[in-house]
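Undergrad: Chains as they are written, first to last, in my numbering: chain A, 235 to 678; chain B, 1001 to 1259.
Below you will find the structure I want to go over with you.
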């Protein structure tokens, strides 16, 4: 069974290449023939899994890059096919006919809802759980269900790599049953002490249900927290980000290692740090690790920043039905002083579903825009009225809200109401249309 | 006039934008020139129902639902008295389960507040659906979303008639529960923000309780109404397309049987 599964799987890979179609189909075929195939392949000793709601792709890519740069042969599902079949396909592409995977380390991104199928068979020995956030809540059920599914899937002796700033993630190791390495971010100039975000996944101590107290926040429930009643609190971190220099796309770890970032946003900081922590905790040299990440991110630039009619434009890419991405963008607008126009919109709520629930709009703290700096908010696209409704209920002045069916119609309103800054807070399907509508003006 | 709204469990029963209901109520009341106070009350706070004109409770995870239940049990006599005495309650999502007699989850039975006679049966699959409901006293269709893992049995006084969705009990054709001024529904999230006519109806009731002769001003809900109507249009078209597809399939099936 095993050999047949491998042979047919490999044949499907070849066929896929001829037809120029990459997919998880080879893995699918092989698993149909032999359900337990993953337990029968001879995997590398070192198996690193990255799961969580977001950041899986970039974190696993950085880890793979580090190992590759240090001379290891890395097997990695770089295509982003992160369900069981996708992982199986990656392994088939890299194994001999007898099932020996040719590599020193297997790094894989794992869908958080499929970990329960693949982890028991692959048995990763190191697992990064980046975060568990509200993502497509109407369909995913809720965060606790995602948490429970991952928790059940964790192999007995796994080593966990977790963000110490997020109290929710500590739920994975409340009983201290896993060896866990934490990373965190020290207080920065952008840390704040008021709560700012209302709809969080965790507010209470997971041990004794007392309300958590924060010295400061970085974002949503991330920050320096402790339980006033029991011993629960921010864990001791093995690696700490001691400074972030966003203008230069750089962070400093433990006051000595400078590491380049891909984006000037907090999620990029945490993803990079998760990768750094994984590699260093597994024994790689810190200086080398910092160097290799920086090489990877050497060409980062303000891809999302340009000038349009004397205004500074920032294009912020978000994911619909995921309030966290929008909250991060809203927080980003606060870094700047001056008059602001904010454009919010998308083409489709979701490509995958026929029906469109909009509850998640109310999990986003649009109240942040309720400042004198924000002169106009332009709502664009098929849900422009829903966005405007949200803003009205946020207390934003009615007369400063503009509603348009699409970005082309919105252009005039933006051009007429010039401000120092223009922020496009957009779902990914509106990023390119936005950039072409508000393109740099040619010199006359 | 001042109206005080108690947002119970604002920080644990906050699954899908439930705070939108509070925002919408505040907006609509203030448009009527009424002073609004929102009291956020949760696990570590004391509950004084006497101060509140309306109690709102939203949906939460199963674990948080149980934490809320333990808290509410401490105040059971007061809550029971308030509900039966006609205080306004709006309870959305799975919190409606807490006011029945119990939740039956396989072998496991959780005693709930027992203020009403209905009870909950946990089901294996989650019921997830876009919903369209009708409310007798509201001159517009109600839209919303449901995502729950239970059905309500023995609901005697439903709130909505179902046009689309599962509702409290499959095939019963009704949803929600109403008694005096207590209203509960499995609908999730910001239902008042998304249904301006329902919002108006609630707010009018709230105000009239305090002043029968209150003269209502315009609510300024044109934009939320436009959002609602656009959504309904899209939804109606989709429903028509689905019906057509179904018709074609049935015709084809008939032909196949004839063969």
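Built from N, CA and C at the ideal position, the CB exists for glycine as well.
Because the structure is a prediction, the values reported are computed rather than measured.
Three Cβ pairs or more, each shorter than 8 Å: is that satisfied between the segment 1212-1227 of chain B and the segment 1113-1127 of chain B?
TA: Too few Cβ pairs lie closer than 8 Å, so no.
Undergrad: Name the residues in the segment 1201-1232 of chain B whose C-beta lies less than 8 Å from a C-beta of chain A; which are they?
TA: From the segment 1201-1232 of chain B, only 1220, 1223, 1224, 1226, 1227, 1230, 1231 have a Cβ closer than 8 Å to chain A.
Undergrad: Taking buried to mean at least 16 other C-beta atoms within 10 Å of its own C-beta, is residue 387 of chain A buried or exposed?
TA: Mapped onto the first chain, residue 387 of chain A falls at position 153. It is buried - the Cβ of residue 387 of chain A has at least 16 other Cβ atoms within 10 Å.
Undergrad: With a threshold of 16 other CB atoms inside 10 Å of the CB of residue 664 of chain A, please say whether the residue is buried or exposed.
TA: For the purposes of this step, residue 664 of chain A is taken as the residue at position 430 of the first chain. By the neighbour-count rule (16 or more Cβ atoms within 10 Å), residue 664 of chain A is buried.
Undergrad: Output yes if chain A places a C-beta closer than 7 Å to the C-beta of residue 1011 of chain B; else output no.
TA: Mapped onto the second chain, residue 1011 of chain B falls at position 11. Output row for residue 1011 of chain B: interface = yes.
Undergrad: Distance, Cα to Cα, residue 515 of chain A vs residue 329 of chain A?
TA: In the first chain, counting from the first residue as 1, residue 515 of chain A sits at position 281. In the first chain, counting from the first residue as 1, residue 329 of chain A sits at position 95. In a straight line, the C-alpha of residue 515 of chain A is about 28 Å away from that of residue 329 of chain A.
Undergrad: Alpha carbon to alpha carbon, what distance is there between residue 656 of chain A and residue 580 of chain A?
TA: Position 346 of the first chain, counted from the start, is the residue given in the question as residue 580 of chain A. Position 422 of the first chain, counted from the start, is the residue given in the question as residue 656 of chain A. Near 16 Å, if we compare the C-alpha coordinates of residue 656 of chain A and residue 580 of chain A.
Undergrad: What are the boundary residues of the alpha helix (DSSP H) that residue 321 of chain A is part of?
TA: Here residue 321 of chain A is taken as the residue at index 87 of the first chain, counted from 1. Segment 318-327, the alpha helix (DSSP H) holding residue 321 of chain A.
Undergrad: Kindly indicate which three-state DSSP category residue 404 of chain A falls into: helix, strand or coil?
TA: In the first chain, counting from the first residue as 1, residue 404 of chain A sits at position 170. Looking at residue 404 of chain A - three-state DSSP - the assignment turns out to be helix.
Undergrad: Where does the unbroken beta strand (DSSP E) through residue 479 of chain A begin, and where does it stop?
TA: Here residue 479 of chain A corresponds to residue number 245 of the first chain, with the count starting at 1. Segment 473-479, the beta strand (DSSP E) holding residue 479 of chain A.
Undergrad: Under 8 Å: do the segment 485-495 of chain A and the segment 444-460 of chain A share three or more Cβ pairs, one atom per stretch?
TA: Flag = no, the segment 485-495 of chain A and the segment 444-460 of chain A do not touch.
Undergrad: At the level of alpha carbons, what is the spacing between residue 251 of chain A and residue 323 of chain A?
TA: Position 17 of the first chain, counted from the start, is the residue given in the question as residue 251 of chain A. Position 89 of the first chain, counted from the start, is the residue given in the question as residue 323 of chain A. Taking the straight line from one Cα to the other gives about 13 Å.
Undergrad: Please list the terminal residues of the continuous alpha helix (DSSP H) segment that includes residue 546 of chain A.
TA: In the first chain, residue 546 of chain A corresponds to position 312, counting from 1. Element bounds for residue 546 of chain A: not the alpha helix (DSSP H) but the beta strand (DSSP E), 545-552.
Undergrad: With which residues is residue 269 of chain A paired in a DSSP beta bridge?
TA: Within the first chain, the letter at position 35 stands for residue 269 of chain A. According to DSSP, which records beta bridges pairwise, residue 269 of chain A is partnered with nothing at all.
Undergrad: With 7 Å as the threshold, decide whether the Cβ of residue 348 of chain A is near any Cβ in chain B.
TA: Sequence index remark: in the first chain, residue 348 of chain A carries index 114 (1-based). Chain B contact via Cβ: absent.
Undergrad: Express the C-alpha separation of residue 1149 of chain B and residue 357 of chain A in angstroms, rounding to a whole number.
TA: Here the question's residue 357 of chain A lines up with position 123 in the first chain. Here the question's residue 1149 of chain B lines up with position 149 in the second chain. In a straight line, the C-alpha of residue 357 of chain A is about 31 Å away from that of residue 1149 of chain B.
Undergrad: Buried or exposed: which applies to residue 485 of chain A, given that a residue is buried once 16 or more other Cβ atoms fall within 10 Å of its Cβ?
TA: On the first chain, position 251 is the one that residue 485 of chain A refers to. Per the 10 Å Cβ criterion, buried.
Undergrad: Which chain A residues sit within Cβ distance under 8 Å of residue 1160 of chain B?
TA: Along the second chain, read from residue 1 onward, the residue named residue 1160 of chain B stands at position 160. Within chain A, no residue comes near residue 1160 of chain B; the closest Cβ sits about 17 Å away, beyond 8 Å.
Undergrad: Give me the Cα-Cα distance between residue 523 of chain A and residue 513 of chain A, rounded to the nearest whole angstrom.
TA: Position 289 of the first chain holds residue 523 of chain A. Position 279 of the first chain holds residue 513 of chain A. C-alpha separation (whole angstroms): 7 Å.
Undergrad: Tell me which residues of the segment 1018-1030 of chain B have at least one Cβ-Cβ distance to chain A shorter than 7 Å, keeping chain order.
TA: Against chain A - using a Cβ distance shorter than 7 Å - the residues of the segment 1018-1030 of chain B are 1019, 1020, 1023, 1024, 1027.
Undergrad: Judging by CA-CA distance, which residue of A/590, A/293, A/382 is the nearest neighbour of residue 555 of chain A?
TA: Numbered from 1 along the first chain, position 321 holds the residue referred to as residue 555 of chain A. The option with the nearest alpha carbon to residue 555 of chain A is A/590.
Undergrad: Contact between the segment 1176-1184 of chain B and the segment 1084-1092 of chain B is defined here as three or more beta-carbon pairs at a separation below 8 Å; is this criterion met?
TA: The segment 1176-1184 of chain B, when compared against the segment 1084-1092 of chain B, does touch it at the 8 Å Cβ threshold.
Undergrad: Please list the residues of the segment 626-654 of chain A that have a C-beta atom closer than 9 Å to any C-beta atom in chain B, keeping them in chain order.
TA: Listed in sequence order: 626, 627, 628, 629, 632, 635, 637.
Undergrad: May I have the straight-line CA-CA distance separating residue 336 of chain A from residue 527 of chain A, to the nearest angstrom?
TA: As a working mapping, residue 336 of chain A is identified with position 102 in the first chain. As a working mapping, residue 527 of chain A is identified with position 293 in the first chain. Those two C-alpha atoms are separated by around 24 Å.
Undergrad: Give a yes or no on whether 7 Å exceeds the smallest Cβ distance from residue 402 of chain A to chain B.
TA: The residue you call residue 402 of chain A lines up with position 168 of the first chain. So, not an interface residue.
Undergrad: Cutting at 6 Å between CB atoms, please list the residues of its own chain near residue 678 of chain A, excluding the five before and the five after it.
TA: Along the first chain, read from residue 1 onward, the residue named residue 678 of chain A stands at position 444. Bear in mind that the predicted position of residue 678 of chain A carries a pLDDT of just 36, short of 50, making it unreliable; the figure below should be weighed with that in mind. Nothing listed; no residue qualifies.
Undergrad: DSSP three-state call for residue 464 of chain A: helix, strand or coil?
TA: On the first chain, position 230 is the one that residue 464 of chain A refers to. Looking at residue 464 of chain A - three-state DSSP - the assignment turns out to be coil, as it is neither helix nor strand.
Undergrad: Spatial neighbours of residue 472 of chain A within its chain, please: CB distance less than 6 Å, with the 5 preceding and 5 following residues excluded, ordered by chain position.
TA: The count along the first chain starts at 1 and reaches residue 472 of chain A at position 238. So the list reads 415, once near-sequence residues are dropped.
Undergrad: Using a threshold of 7 Å, state whether the C-beta atoms of residue 1049 of chain B and residue 1078 of chain B are closer than that.
TA: Residue mapping note: residue 1049 of chain B aligns to position 49 of the second chain, counting from 1. Residue mapping note: residue 1078 of chain B aligns to position 78 of the second chain, counting from 1. Yes.
Undergrad: Taking the continuous beta strand (DSSP E) assigned at residue 486 of chain A, which residues delimit it?
TA: Working through the first chain from its first residue, we reach residue 486 of chain A at position 252. Note, residue 486 of chain A: beta strand (DSSP E), 484-487.
Undergrad: Is residue 569 of chain A buried or exposed, if buried means 16 or more other CB atoms sit within 10 Å of its CB?
TA: On the first chain, residue 569 of chain A is found 335 positions in, with the first residue counted as 1. So residue 569 of chain A ends up on the exposed side.
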